[in-house]
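In what follows, a single structure is set out as C-alpha cells and then discussed.
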Amino acid sequence: MTHTFKTYTLEQAVGSLIAAFDKIGYSDPLNVASIIFEFEDFLKQLSTEEAVNIYTQRWMNGGN
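When we follow our numbering, the leftmost residue of the sequence shown carries the number 698, and every step to the right adds one.
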C-alpha cells in the first residue's frame, strides 16, 4: 500500500496539538504549555524520515 504524506510545518503540528487539547476540554494552561514545549522540542530533533516512520507506526498501522 502506498501512502501520500502531506508536509506540515512545525506551527501546524503544534496548532493541531493545541486544537486536540481544546477539543477534549483540557484546561490546565501550565500543563498544556509544558506538553507543547516538549512536543515542539521533540519535533525539532526528528529528521523527516523519522517523523514519517513514527506517523506510519502510530496512525497508519493502528499503533502496532
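In this text, a Cβ means the ideal position worked out from N, Cα and C, and glycines have one as well.
Asked: Does residue 743 come out as helix, strand or coil in the three-state DSSP assignment?; Found: coil
Asked: Just how far apart, CA to CA, sit residue 750 and residue 728?; Found: 27 angstroms
Asked: Spatial neighbours of residue 718 within its chain, please: CB distance less than 6 angstroms, with the 5 preceding and 5 following residues excluded, ordered by chain position.; Found: 729
Asked: Just the Cα atoms here: how many angstroms apart are residue 758 and residue 713?; Found: 20 angstroms
Asked: Since residue 707 contacts residue 746 with CB under 8 angstroms, what's their CB separation in whole angstroms?; Found: Not really, about 17 angstroms apart at Cβ, beyond 8 angstroms.
Asked: Just list the beta strand (DSSP E) runs in the segment 702 to 743, keeping only unbroken ones of 3 residues or longer that don't cross its boundaries, in chain order.; Found: none
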